[in-house]
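Here the structure is laid out as structure tokens; the discussion comes afterwards.
2 protein chains.
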Amino acid sequence: VVLPERQLIERIRRRAAPGTNRALARAIGDDCAVLNIPSGRQTLVTTDLCVEDVHFRRAWHPPRSVGHRCLTRGLSDIAAMGGEPVACFLSLGLPENLAQRWVDEFIDGLLRLAGSFRIPLAGGDIAGAPKITADIVVIGQIPAGRALLRSGARAGDRIYVTGTLGGSADRLRRLYAGEKLRAGAADRHFFPNARIETGRRLREEQIASAAIDLSDGLSVDLAHLCEESGVDAIVNAGALPVARGAGPEMALHGGEDYELLFTVRNGVRVPARIAGVPVSMIGEIVKASKGLKNKAGSRIRLCDHRGRLLPLKPAGWEHFSKI
Amino acid sequence: VVLPERQLIERIRRRAAPGTNRALARAIGDDCAVLNIPSGRQTLVTTDLCVEDVHFRRAWHPPRSVGHRCLTRGLSDIAAMGGEPVACFLSLGLPENLAQRWVDEFIDGLLRLAGSFRIPLAGGDIAGAPKITADIVVIGQIPAGRALLRSGARAGDRIYVTGTLGGSADRLRRLYAGEKLRAGAADRHFFPNARIETGRRLREEQIASAAIDLSDGLSVDLAHLCEESGVDAIVNAGALPVARGAGPEMALHGGEDYELLFTVRNGVRVPARIAGVPVSMIGEIVKASKGLKNKAGSRIRLCDHRGRLLPLKPAGWEHFSKI
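Taken in order, these protein sequences are the chains called A and B. Counting from 12, one number per residue, gives the positions in the first sequence under the numbering used here. Counting from 12, one number per residue, gives the positions in the second sequence under the numbering used here.
Written as structure tokens, this is what we have:
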């Protein structure tokens, strides 16, 4: 059974001891956290809600993996803007019959990842809830006016992605099929990496014209980027960096890879690896086709191995679906 | 039934159209919101998790009241630091069978209150959940180093509260007893006021040495302030500004009044009203009694009408109660 609210906050507070962090003036223990964002910088804010049986399952995901995955969702949003994370916050809804050990290991997974990016857990809230519910807030910073936006893509830009796609969906498929998977620390489904350093380099070296993180799946997230930029896209099926074990469908529609998708002006040189992460050109931004402009899902076409252009409907993982 | 995630976000985005707000560089529609916090200012962050049947009931609280109350919890934390709100964020977990109308009215209550403080709803997240779950994040700002902290109280300081206490608990008692209450716009249970302007004046005019908002109840929240300051307190029972309909027990232990409790150095003049809100002196900060220092709940004594000092145990509303 979980500790009473007050004791639980004290326990988390002791473990989240922030050490020396110049950005954090006041952490857990006051009405608000107080952060120092240097002048000339803008503040980034992202929130991500993770609900048991929607985003994870207790039977499939060890608590350390759940803590890691929750925080990764927020960090990945910061990465997609080219930002640097500053602090994280956690609002936690807990069922009464949950073991305190589950909470301890969840917090441990979250704090380990936070520590690897040198950000403190600076506050949050706790309440009872029928299912485990974790809302993660990540605050970041970025030089003023330099954020990578979804709206920066123009016709003629090349489309790139980091890493490989579909690996997380492949794991999910195997979990659904009843396989027992070991949640190894290197497994990108259980312990995905937020591409913070790659995002920062894309921004600093002015490589990317627009960016988004791949959380819902390539077909959905690229459609978002196209909507915000007012453009269409052509994806070259043969160029997709498909993860081992996954198929092209998973690479197109599978969620939770937390890779970055970015666009690059024609002529800008892109290294084969950025911050150690391989990047692949997968297609091209084209002018919005007038007739289709307002039909959701019609912005992307897939170029298959025979050179045919087929409409690609966004079919990634909508979290609102029944499971 | 609630709209699919994507449509729901678009719907909220249209209604949350931020207009001209200099603090908000990018709102809903990108991976993160981008905020401009002026140089020389610190950033305040607070998160508050509201869960159906823990913090509100669908049968008792109209959706506009729920939206208002959720945001008030965050605003009240900003008020307690003497800060100014900048933007709010909402992570929303929704049961599948919920009527879209409920969501619309909830958002309406939240946006009306946000509008009255001129802050935008700048982002958030949506997911399915078994109970309505709303995590509110409020970002604020404050001149660097000027935040009112819980840790600033010293022996000899006077203790003050704004407004009246116990009014919200009285409403809750009547709801539990089966009374049908009209959720009037002036009712402090259904539509509480965050004391933003009072908090700002307490800070600007250097009246308060420490502050906290009364969300869990006087006995609990004053104990928090005493812990953070390393002091004890004596509360004068006869001086409590008891709300109409409420009794002294409700004033001592009832939560959700969202008034401010603050301490003032002996000799500093305190106006009878601050930003239009009456304030009352209710007691005094005293040196921590050594023997009791680490016993939770022993920091406060109540001086009754016969001048006797009785220990006051924190007995406010712990949200972790059974649901």
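Where a beta carbon is used, it is the ideal one built from N, C-alpha and C, also for glycine.
ask   = Within 10 angstroms of its Cβ, does residue 12 of chain A collect 16 or more other Cβ (buried), or is it exposed?
value = In the first sequence, residue 12 of chain A corresponds to position 1, counting from 1. The residue is exposed, with fewer than 16 neighbouring Cβ atoms inside 10 Å.
request  = Go to residue 3 of chain A, then tell me how far its beta strand (DSSP E) extends in each direction, as first and last residue.
outcome  = The displayed coordinates of chain A run from 12 to 334. Any statement about residue 3 of chain A would go beyond what the structure contains.
task = Give a yes or no on whether 7 Å exceeds the smallest Cβ distance from residue 158 of chain A to chain B.
result = On the first sequence, residue 158 of chain A is found 147 positions in, with the first residue counted as 1. Interface residue, yes.
message = Determine, for residue 135 of chain A, whether the minimum Cβ-Cβ distance to residues of chain B falls below 7 Å.
response = By one-based count along the first sequence, residue 135 of chain A stands at place 124. Cβ-Cβ to chain B under 7 Å: yes for residue 135 of chain A.
request  = Tell me whether residue 60 of chain A sits in a helix, a strand or coil according to DSSP, three-state version.
outcome  = Looking up residue 60 of chain A in the first sequence gives position 49. Correct three-state label for residue 60 of chain A: strand.
query = Quick check: the segment 268 to 279 of chain A against the segment 218 to 234 of chain A, are there 3 or more CB pairs under 8 Å?
reply = The segment 268 to 279 of chain A, when compared against the segment 218 to 234 of chain A, does touch it at the 8 Å Cβ threshold.
Residue of B:50, B:92, B:19 and B:139 minimising C-alpha distance to residue 209 of chain B = The residue given as residue 209 of chain B occupies position 198 in the second sequence. Answer by Cα proximity: B:92.
inquiry  = Which residue wins for smallest C-alpha separation from residue 288 of chain B, given the options B:229, B:175 and B:163?
reply    = Along the second sequence, read from residue 1 onward, the residue named residue 288 of chain B stands at position 277. If we check each option's Cα against that of residue 288 of chain B, B:175 comes out closest.
ask   = Taking the Cβ atom as the reference point for each residue, do residue 149 of chain A and residue 85 of chain A lie within a distance shorter than 7 Å?
value = Your numbering for residue 149 of chain A matches position 138 in the first sequence. Your numbering for residue 85 of chain A matches position 74 in the first sequence. Contact flag set, yes.
key: DSSP bridge partner residues for residue 137 of chain A (one or two, in chain order)   = Taking the first residue of the first sequence as 1, we reach residue 137 of chain A at position 126. Its beta-bridge partners are A:103.
ask   = Of all Cβ atoms in chain A, is any one closer than 7 Å to the Cβ of residue 53 of chain B?
value = As a position in the second sequence, residue 53 of chain B is number 42, starting the count at 1. True, the Cβ-Cβ gap to chain A drops below 7 Å.
query = If residue 136 of chain B and residue 87 of chain B are in contact, beta carbons under 8 Å, what's the gap, nearest whole angstrom?
reply = For this step, residue 136 of chain B is matched to residue 125 along the second sequence. For this step, residue 87 of chain B is matched to residue 76 along the second sequence. Between residue 136 of chain B and residue 87 of chain B, the beta carbon gap of about 23 Å keeps them out of contact (Cβ cut-off 8 Å).
key: Entirely enclosed beta strand (DSSP E) segments - the segment 140 to 225 of chain B, minimum 3 residues   = 144 to 154, 169 to 173 and 221 to 225
inquiry  = Would residue 301 of chain A pass as an interface residue toward chain B - the criterion being a Cβ-Cβ separation below 7 Å?
reply    = The count along the first sequence starts at 1 and reaches residue 301 of chain A at position 290. By this cut-off, residue 301 of chain A is not an interface position.
query = How would you label residue 204 of chain B, buried or exposed, when you count the other beta carbons within 10 angstroms and need 16 or more for buried?
reply = Counting from one through the second sequence, the residue named residue 204 of chain B turns up at place 193. When all chains shown are included, residue 204 of chain B counts as buried.
query = Nearest-angstrom Cα distance between residue 89 of chain A and residue 313 of chain A?
reply = Position 78 of the first sequence, counting from 1, holds the residue named residue 89 of chain A. Position 302 of the first sequence, counting from 1, holds the residue named residue 313 of chain A. Whole-angstrom Cα-Cα distance: 29 Å.
query = Hey, does residue 43 of chain B have any beta-carbon neighbour from chain A nearer than 7 Å?
reply = Within the second sequence, the letter at position 32 stands for residue 43 of chain B. It does: the Cβ of residue 43 of chain B has a partner Cβ on chain A nearer than 7 Å.
message = In the DSSP assignment, the beta strand (DSSP E) including residue 92 of chain B goes from what residue to what residue?
response = Your numbering for residue 92 of chain B matches position 81 in the second sequence. That residue, residue 92 of chain B, is in no beta strand (DSSP E); it is neither H nor E in DSSP.
request  = Identify the continuous alpha helix (DSSP H) that holds residue 240 of chain B and give its terminal residues.
outcome  = Walking along the second sequence from the start, residue 240 of chain B turns up at place 229. It spans 229 to 240 - the alpha helix (DSSP H) in which residue 240 of chain B sits, taken as one unbroken run.
ask   = Taking just the CA atoms, how far does residue 275 of chain A sit from residue 169 of chain A?
value = As a first step, residue 169 of chain A is located in the first sequence; it is residue number 158 there, counting from the start. As a first step, residue 275 of chain A is located in the first sequence; it is residue number 264 there, counting from the start. Between residue 169 of chain A and residue 275 of chain A, the C-alpha separation is close to 5 Å.
query = If residue 134 of chain B sits next to residue 38 of chain B, beta carbons under 8 Å apart, how far is it from one beta carbon to the other, in whole angstroms?
reply = Numbered from its first residue, the second sequence carries residue 134 of chain B at position 123. Numbered from its first residue, the second sequence carries residue 38 of chain B at position 27. Going by Cβ atoms, the distance from residue 134 of chain B to residue 38 of chain B rounds to 6 Å, so yes, they are a contact pair.
key: Sufficient close CB pairs (3 or more, under 8 Å) joining the segment 44 to 60 of chain A to the segment 150 to 163 of chain A   = yes
task = For residue 305 of chain B, count neighbouring Cβ atoms within 10 angstroms of its own Cβ and tell me buried if that reaches 16, exposed if not.
result = Looking up residue 305 of chain B in the second sequence gives position 294. With a pLDDT of only 48 at residue 305 of chain B, under the threshold of 50, the placement of this residue in the model should not be trusted, and no figure is reported.
task = Could you name the residues that DSSP lists as bridge partners for residue 314 of chain A?
result = For this step, residue 314 of chain A is matched to residue 303 along the first sequence. Answer is A:247 and A:320, bridged to residue 314 of chain A.
key: Partner residues on chain B for residue 47 of chain A, Cβ-Cβ distance less than 9 Å   = Here residue 47 of chain A corresponds to residue number 36 of the first sequence, with the count starting at 1. Near residue 47 of chain A (Cβ distances below 9 Å), the residues of chain B are 53, 54 and 155.
ask   = Shorter than 7 Å from the beta carbon of residue 172 of chain B to some beta carbon of chain A?
value = Reading the second sequence from its first residue, position 161 is the one you call residue 172 of chain B. No, its Cβ sits nowhere closer than 7 Å to a Cβ of chain A.
Span of the beta strand (DSSP E), counted from its first residue to its last, around residue 37 of chain A = For the purposes of this step, residue 37 of chain A is taken as the residue at position 26 of the first sequence. Here the beta strand (DSSP E) through residue 37 of chain A covers 35 to 37.
key: Segment limits, beta strand (DSSP E) that includes residue 272 of chain A   = Here residue 272 of chain A refers to the residue found at position 261 when the first sequence is read from its first residue. It spans 270 to 275 - the beta strand (DSSP E) in which residue 272 of chain A sits, taken as one unbroken run.
query = Can the beta-carbon of residue 243 of chain B be found closer than 7 Å to that of residue 310 of chain B?
reply = Locating residue 243 of chain B in the second sequence gives position 232, counting from the first residue. Locating residue 310 of chain B in the second sequence gives position 299, counting from the first residue. Contact: yes.
request  = Kindly give me the distance between the Cβ atoms of residue 257 of chain A and residue 178 of chain A, rounded to whole angstroms, as I take these residues to be in contact under 8 Å.
outcome  = Taking the first residue of the first sequence as 1, we reach residue 257 of chain A at position 246. Taking the first residue of the first sequence as 1, we reach residue 178 of chain A at position 167. About 6 Å separates the two Cβ atoms, so the contact holds.
ask   = What is the DSSP secondary structure of residue 48 of chain B, reduced to helix, strand or coil?
value = For the purposes of this step, residue 48 of chain B is taken as residue 37 along the second sequence, with counting starting at 1. In the structure shown, residue 48 of chain B sits in coil (DSSP, three-state: anything other than H, G, I, E or B).
message = When you measure from the CB of residue 168 of chain B to every non-hydrogen atom of the ligand ATP, does any distance come out below 6 Å?
response = Judged by which ligands are present, the structure shown has none, so any question about the ligand ATP falls away.
request  = Go ahead and label residue 75 of chain B buried or exposed: buried means 16 or more other beta carbons lie within 10 angstroms of its beta carbon, across all protein chains shown.
outcome  = As a working note, residue 75 of chain B is residue 64 in the second sequence. Counting every other CB atom within 10 Å of its CB across the protein chains shown gives residue 75 of chain B a total of 16 or more, marking it as buried.
ask   = In this structure, does DSSP put residue 76 of chain A in helix, strand or coil?
value = As a position in the first sequence, residue 76 of chain A is number 65, starting the count at 1. Correct three-state label for residue 76 of chain A: helix.
task = Put residue 84 of chain A into one of helix, strand or coil per three-state DSSP.
result = Taking the first residue of the first sequence as 1, we reach residue 84 of chain A at position 73. Looking at residue 84 of chain A - three-state DSSP - the assignment turns out to be helix.
task = Leaving out five residues on either side along the sequence, give the residues of the same chain with a beta carbon under 7 Å from the beta carbon of residue 325 of chain B.
result = The count along the second sequence starts at 1 and reaches residue 325 of chain B at position 314. Cβ within range, chain order: 230, 231, 234 and 308.
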